[in-house]
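Step one of this worksheet: look at the structure below.
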Amino acid sequence: MARDLIVVGCGIVGACTALAAQQAGFRTQLVESRFPGAGVSAAGMGHLVVLDGPELALSARSLELWREILERNPRSFEYRQTGTLWVAESGADQAALATRQATLAAAGIASAWLDPRALNLEEPALAPDLAGGLLLPGDGIVYPPKAVHELLTRAVALGATVRCGRRVTALAGDGVVLEGGEHLAGEVVVATGGAGSELLPELPLMARKGHLVITDVSGPSIRHQLVEAGYTQGVHAPSGLSIAMNVQPRPTGQLLIGSSRENGVFDPAVSTEVTAALVRRALRFLPGLGRLPATRIWTGFRPATPDGLPYIGHVPGRGPVWAAFGHEGLGITTAPATAELLVDRILARGSVLDGAPYDPARCLG
Amino acid sequence: MVDVFDLVIVGAGPAGLEAARSAFAPGRRIAVVDDNPRPGGQIWRHDPTQDPPRAFRSLWDHLDSSGTRFLCSHRLVAFESGPTLVLESPTGTRRIRGERLLFACGARELFLPFPGWTLPGVYGAGGLQALAKGGLPVAGRTVVLAGSGPLLLASAVTLLRHGARVEAIIEQAPTGEVARFLALLPRWPLQTLAALALIRRLIRVPYWRGVWVSGARGRDRLCEVEVTDGRTNRILPCEALGTGYGLVPNIEAPNLLGCKLTGSLHPAVAVDSQGETSLPGIYAAGEVTGIGGVGRARLQGALAGVAAMGETQRIHGLLGRARHANAYVGHLAQHFRLREPVRRLAGPATVVCRCEDAALGPAHGTSPVDPRALRLLTRIGMGHCQGRICLHALAETRPEPFLREWLARPRPPLFPTRLETLAGLGDGTNPVPPT
Amino acid sequence: MSPRSVTVHVNGVPVTLPEGTTVAAAIAGVTGHFRAAPGGAPRGPFCGMGYCGECRVRIDGVIRLACQTPVSPGLLVETGG
Numbered sequence: 001m002a003r004d005l006i007v008v009g010c011g012i013v014g015a016c017t018a019l020a021a022q023q024a025g026f027r028t029q030l031v032e033s034r035f036p037g038a039g040v041s042a043a044g045m046g047h048l049v050v051l052d053g054p055e056l057a058l059s060a061r062s063l064e065l066w067r068e069i070l071e072r073n074p075r076s077f078e079y080r081q082t083g084t085l086w087v088a089e090s091g092a093d094q095a096a097l098a099t100r101q102a103t104l105a106a107a108g109i110a111s112a113w114l115d116p117r118a119l120n121l122e123e124p125a126l127a128p129d130l131a132g133g134l135l136l137p138g139d140g141i142v143y144p145p146k147a148v149h150e151l152l153t154r155a156v157a158l159g160a161t162v163r164c165g166r167r168v169t170a171l172a173g174d175g176v177v178l179e180g181g182e183h184l185a186g187e188v189v190v191a192t193g194g195a196g197s198e199l200l201p202e203l204p205l206m207a208r209k210g211h212l213v214i215t216d217v218s219g220p221s222i223r224h225q226l227v228e229a230g231y232t233q234g235v236h237a238p239s240g241l242s243i244a245m246n247v248q249p250r251p252t253g254q255l256l257i258g259s260s261r262e263n264g265v266f267d268p269a270v271s272t273e274v275t276a277a278l279v280r281r282a283l284r285f286l287p288g289l290g291r292l293p294a295t296r297i298w299t300g301f302r303p304a305t306p307d308g309l310p311y312i313g314h315v316p317g318r319g320p321v322w323a324a325f326g327h328e329g330l331g332i333t334t335a336p337a338t339a340e341l342l343v344d345r346i347l348a349r350g351s352v353l354d355g356a357p358y359d360p361a362r363c364l365g
Numbered sequence: 001m002v003d004v005f006d007l008v009i010v011g012a013g014p015a016g017l018e019a020a021r022s023a024f025a026p027g028r029r030i031a032v033v034d035d036n037p038r039p040g041g042q043i044w045r046h047d048p049t050q051d052p053p054r055a056f057r058s059l060w061d062h063l064d065s066s067g068t069r070f071l072c073s074h075r076l077v078a079f080e081s082g083p084t085l086v087l088e089s090p091t092g093t094r095r096i097r098g099e100r101l102l103f104a105c106g107a108r109e110l111f112l113p114f115p116g117w118t119l120p121g122v123y124g125a126g127g128l129q130a131l132a133k134g135g136l137p138v139a140g141r142t143v144v145l146a147g148s149g150p151l152l153l154a155s156a157v158t159l160l161r162h163g164a165r166v167e168a169i170i171e172q173a174p175t176g177e178v179a180r181f182l183a184l185l186p187r188w189p190l191q192t193l194a195a196l197a198l199i200r201r202l203i204r205v206p207y208w209r210g211v212w213v214s215g216a217r218g219r220d221r222l223c224e225v226e227v228t229d230g231r232t233n234r235i236l237p238c239e240a241l242g243t244g245y246g247l248v249p250n251i252e253a254p255n256l257l258g259c260k261l262t263g264s265l266h267p268a269v270a271v272d273s274q275g276e277t278s279l280p281g282i283y284a285a286g287e288v289t290g291i292g293g294v295g296r297a298r299l300q301g302a303l304a305g306v307a308a309m310g311e312t313q314r315i316h317g318l319l320g321r322a323r324h325a326n327a328y329v330g331h332l333a334q335h336f337r338l339r340e341p342v343r344r345l346a347g348p349a350t351v352v353c354r355c356e357d358a359a360l361g362p363a364h365g366t367s368p369v370d371p372r373a374l375r376l377l378t379r380i381g382m383g384h385c386q387g388r389i390c391l392h393a394l395a396e397t398r399p400e401p402f403l404r405e406w407l408a409r410p411r412p413p414l415f416p417t418r419l420e421t422l423a424g425l426g427d428g429t430n431p432v433p434p435t
Numbered sequence: 001m002s003p004r005s006v007t008v009h010v011n012g013v014p015v016t017l018p019e020g021t022t023v024a025a026a027i028a029g030v031t032g033h034f035r036a037a038p039g040g041a042p043r044g045p046f047c048g049m050g051y052c053g054e055c056r057v058r059i060d061g062v063i064r065l066a067c068q069t070p071v072s073p074g075l076l077v078e079t080g081g
């Protein structure tokens with residue numbers, strides 16, 4: 001008989017988990033308090049990117065899974081294989097990117113170093129004084145709201161059920177309690193993104209606010225997602241504000257400009273100061289874009305764990321309760337591998353990835 | 001650098017210009033900001049082929065020599081603390097602040113989507129009027145004006161003056177309502193005179209009531225419209241259609257600043273009897289406080305101008321007249337209220353959001369959806385106009401609170417803004433460390 | 001009084017019209033296709049008052065609203081973007 005699995009939260013992680021669980025033979029029910037993709041998923045850039053730090057294994061495996069997912073109907077994800085071009089501002093950046101290239105090569109991921117001339121040919125809009133760039137051709141972009149919608153559609157086609165507008169108020173020993181008192185029985189996956197600690201307060205989580213700016217259709221065409229080499233240093237900065245150039249060409253020809261990270265800010269309002277800082281940083285790398293109109297600015301909150309790695313696995317002391325949240329800014333990329341690893345753990349079977357680094361037990365006191 | 005004035009007025013239309021005149025006193029520093037290249041707003045928009053309207057000319061003669069600072073082609077895009085106004089012009093960015101601030105930012109047209117309304121050749125009714133004043137060639141062209149309200153007539157007069165052949169004016173309100181509107185109009189003598197002047201010039205133009213345009217057709221541009229009374233249809237060949245279902249207030253800037261709004265469907269800025277908003281020292285006048293036409297706008301502007309300067313002894317003479325003019329808001333809204341069929345012209349494939357080319361698709365005609373979910377999936381309201389068109393259309397056509405939700409959490413920029421302007425935002429109260 | 005004439009170039013075509021008129025008027029003499037919607041359909045000016053964005057074109061290389069831009073000698077206008 002099929003095992004019942006209740007997935008709480010229908011963002012990109014919940015949708016991928018439901019899909020993987022249905023494929024593995026579970027009978028999956030998704031419960032979503034608002035609508036699919038309403039939370040962290042809605043606010044992000046949708047950059048599918050391999051990182052070389054502690055997220056290397058998870059992001060690299062996830063991109064393999066994304067390629068399988070995207071074999072079918074890539075347009076419904078608004079997918080484009082833009083690649084990622086890591087841009088070096090200085091000699092130190094260049095050295096860091098050389099190390100990254102070696103690390104990625106060891107993991108079987110190809111990348112190409114572009115010297116300043118090659119960089120200029122590849123992206124003529126970049127400033128002429130840069131030290132070079134590292135191109136990862138396999139990376140890409142999706143539009144997260146549509147990606148969630150499509151993944152959910154696939155899960156439902158395999159038999160998953162979805163209940164929207166229903167809030168889970170508590171975990172019960174053998175399932176969950178919904179607002180209004182209804183009880184659902186089954187094993188539980190908590191995939192509620194930034195709200196993860198509402199149901200599992202023992203797992204520490206903090207919100208890192210981000211700003212994004214989208215422009216009108218740009219004149220000089222940019223082909224790759226452009227990220228400054230120092231981006232990954234800022235990502236895990238423990239406090240304060242960090243800004244890094246991160247510019248994505250949307251399929252429409254618009255540019256999506258990031259990024260900022262702020263800790264300890266809970267007001268979702270757009271800050272003119274932070275917006276100015278991130279735009280200044282983008283213009284340092286793309287000096288010709290000053291007269292391009294920006295259409296809209298928005299903010300979002302990344303759910304961050306103390307060590308920057310997501311919680312994927314069993315929550316000790318909770319019965320059949322599993323965590324799949326805390327992906328900070330990398331959830332769109334790592335959702336498929338998260339789902340694969342989690343389902344393997346629930347079935348207590350071997351997995352492509354070593355799950356230990358993501359085990360929630362690491363952060364329990 | 002921030003230029004500081006005693007009074008900053010946003011909008012150089014009738015309300016803003018009257019406010020500037022009434023607030024003027026020697027030595028007082030007053031600035032008027034407007035995103036159009038010349039003062040006059042929409043109703044007195046500059047037309048190089050015509051003499052300026054008398055009312056505008058007398059105001060302008062007064063203001064031109066007064067030392068009032070006019071910042072035309074300057075668009076308010078954001079606020080910094082103070083509030084300091086961040087203005088963008090074609091050549092740069094400028095910051096100004098007023099001890100008092102007065103919003104006279106007017107109104108825009110309400111558009112209701114119908115099949116074909118995105119074809120080149122379909123314009124706003126006031127839009128076509130404005131474009132013709134700006135030189136858009138209409139001489140000899142066959143034009144239809146359709147929608148609702150007196151603006152259709154004003155637009156027709158301008159188009160005739162520019163040599164267009166106005167085929168018909170298509171008013172959705174039934175004959176009885178239009179008759180009742182006219183019957184009570186003499187309570188407002190200025191409006192009556194204006195109406196008579198329009199009617200006199202339109203003697204040869206058919207004015208159909210109780211009908212509406214249900215579709216526009218053409219390959220790459222408009223060649224005909226379908227007109228219906230709900231039972232029978234007829235085709236009118238034409239080269240241009242001007243369509244608009246009345247006006248809605250331009251509340252975006254005062255809303256971003258935090259001024260309270262009033263009214264549910266298309267909110268206006270709430271003001272007290274002297275034009276002060278819910279924020280002390282911040283005033284509003286004219287169409288931004290409710291759609292009542294040029295006469296009311298001028299009175300309100302004059303009143304708010306003296307009130308903002310604290311000249312209470314000059315207020316009392318104006319208060320009664322302003323109250324009477326305010327009653328016209330309800331008169332207009334009541335008799336040109338929209339009928340149900342014009343709200344249901346769009347089909348599932350009809351573009352609702354022109355910027356993002358988005359239709360409702362499967363959400364059309366279904367039970368209510370989550371506004372944010374629909375926005376995210378279709379990108380409705382996310383484009384260049386920031387929902388100024390489609391969110392008001394959806395307020396008329398759908399049960400969900402699209403517009404209310406958007407207005408509840410406003411964010412900069414107020415209009416698409418150059419990246420170099422955004423890069424300069426911030427006034428140092430919350431400095432960002434260099435990266 | 002008759003206003004002075006101004007010549008601008010729309011997609012390379014010289015257009016002469018009176019001072020005080022708009023770039024939108026200049027373009028309309030050449031093409032009705034000001035910009036392409038995301039789905040590719042042609043769009044022309046609509047609101048006439050500077051907020052709908054349907055008339056935005058490149059003027060001397062910068063995206064601007066044709067209806068809010070007065071003609072001035074030598075402007076280079078590109079449509080269809």
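Chains as they are written, first to last, in the working numbering: chain A, 1 to 365; chain B, 1 to 435; chain C, 1 to 81.
Backbone N, C-alpha and C fix where the C-beta goes; we use that ideal spot for every residue, glycine too.
From a predicted model like this one, the values you see are computed outputs, not experimental measurements.
Could you tell me which of Leu425/B, Ala240/B, Arg231/B and Arg209/B sits nearest to Cys223/B, measuring between CA atoms? Ala240/B
Given this structure, state the Cα-to-Cα distance separating Gly14/A from Ala195/A, to the nearest angstrom. 13 Å
7 Å CB neighbourhood of Pro336/A in its chain, flanking five on each side removed: Cys16, Ser62, Leu65, Trp66 and Ile69
Can you find a CB in chain B that lies within less than 7 Å of the CB of Leu126/A? no
If you measure between the beta carbons of Ala125/A and Ile222/A, is that distance less than 7 Å? yes
Assuming Pro128/A and Ala42/A form a contact by the criterion Cβ under 8 Å, report the distance between their Cβ atoms to the nearest whole angstrom. Not confirmed; about 37 Å, so no contact.
Comparing the C-beta of Arg280/A with each C-beta of chain B, is any distance below 7 Å? yes
Could you give the DSSP three-state label for Pro320/A: helix, strand or coil? coil
Using the Cα positions of Ser66/B and Phe24/B, report the straight-line distance between them to the nearest angstrom. 8 Å
Report all residues from its chain with a CB closer than 6 Å to the CB of Leu58/A; omit the five preceding and five following residues, and keep chain order. Thr334 and Ala337
Can you tell me whether DSSP reads Pro206/B as helix, strand or coil? coil
Compare the C-alpha of Ile242/B against each of Pro410/B, Ser22/B, Pro280/B and Leu151/B and name the closest. According to the sequence shown, residue 242/B is Gly rather than Ile. Here the closest residue by C-alpha is Leu151/B.
Beta-carbon of Thr22/C versus every beta-carbon of chain B: anything under 7 Å? yes
Chain-ordered neighbours of Pro293/A on chain B, where CB pairs are closer than 7 Å: Pro416, Thr417 and Arg418
Tell me which residues share the same chain as Ala20/A and place their Cβ nearer than 7 Å to its Cβ, disregarding the 5 neighbours each side in the sequence. Ala339, Glu340 and Val343
Mind pulling the chain E residues with CB within less than 9 Å of Asp35/B? No chain E is present in this structure, whose protein chains are A, B and C.
With distances taken from CA atoms, which of Ala349/B, Thr84/B, Ser22/B and His335/B is nearest Gln313/B? Closest by alpha carbon: Ser22/B.
Thinking C-alpha only, which one of Gly263/B, Arg343/B, Arg231/B and Leu265/B is nearest Gly244/B? Arg343/B
Is the number of C-beta pairs between the region 40-59 of chain C and the region 370-388 of chain B that are closer than 8 Å three or more? Yes: at least three Cβ pairs fall under 8 Å.
Starting from the C-beta of His236/A, find all residues in its chain whose C-beta is less than 7 Å away, skip the five residues before and the five after it, and write them out in chain order. Its pLDDT being 48, under 50, His236/A is placed unreliably by the model, and the measurement read from it follows with that caveat. Taken in chain order, the residues that qualify are Gly308.
Counting only beta-carbon atoms, is Leu76/B nearer than 7 Å to chain A? no
Are there 16 or more other CB atoms within 10 angstroms of the CB of Asp35/B, so buried, or fewer, so exposed? buried
For Leu419/B, is the classification buried or exposed, using 16 other Cβ atoms within 10 angstroms of its Cβ as the cut-off for buried? buried
Cβ-based neighbour list, Leu265/B, same chain, cut-off 6 Å, excluding 5 preceding and 5 following: Ala395.
Leaving aside the five residues before and after Pro399/B along the sequence, list all residues of the same chain whose C-beta is less than 7 Å from its C-beta, in chain order. Within the same chain, and ignoring the five residues on either side of Pro399/B in sequence, the residues whose Cβ sits closer than 7 Å to its Cβ are Pro368.
Please specify which runs of the alpha helix (DSSP H), each continuous and at least 4 residues long, are wholly inside the region 288-363 of chain A, giving them in chain order. 331-346
Hey, does Gly290/A have any beta-carbon neighbour from chain B nearer than 7 Å? It does: the Cβ of Gly290/A has a partner Cβ on chain B nearer than 7 Å.
Below 8 Å on the Cβ atoms is my contact criterion, and I expect Ala216/B with Leu119/B to pass it. Report the Cβ-Cβ distance as a whole number of Å. Indeed, because the Cβ distance is near 6 Å, the residues count as touching under 8 Å.
DSSP three-state assignment for Gly20/C, whether helix, strand or coil: coil
Buried or exposed by the 16-neighbour rule on C-beta atoms within 10 Å, applied to Ile203/B: exposed
Between the CA atoms of Ala2/A and Ala24/A - distance to the nearest angstrom: Going from the Cα of Ala24/A to the Cα of Ala2/A covers about 10 Å.
Between Gln191/B and Arg69/B, what straight-line distance do the alpha-carbon atoms span, to the nearest angstrom? Taken atom to atom, the span from the alpha-carbon of Gln191/B to that of Arg69/B is near 31 Å.
Could you give the distance in angstroms between the alpha-carbon of Ser148/B and the alpha-carbon of Tyr328/B? 16 Å
From the DSSP output, in three-state form, read off Pro371/B for me. helix
Integer-rounded CB distance, given that Leu345/B should sit under 8 Å from Ile114/B: The amino acid at residue 114/B is misidentified as Ile; the sequence shows Phe. Contact flag correct, Cβ pair sits at about 4 Å.
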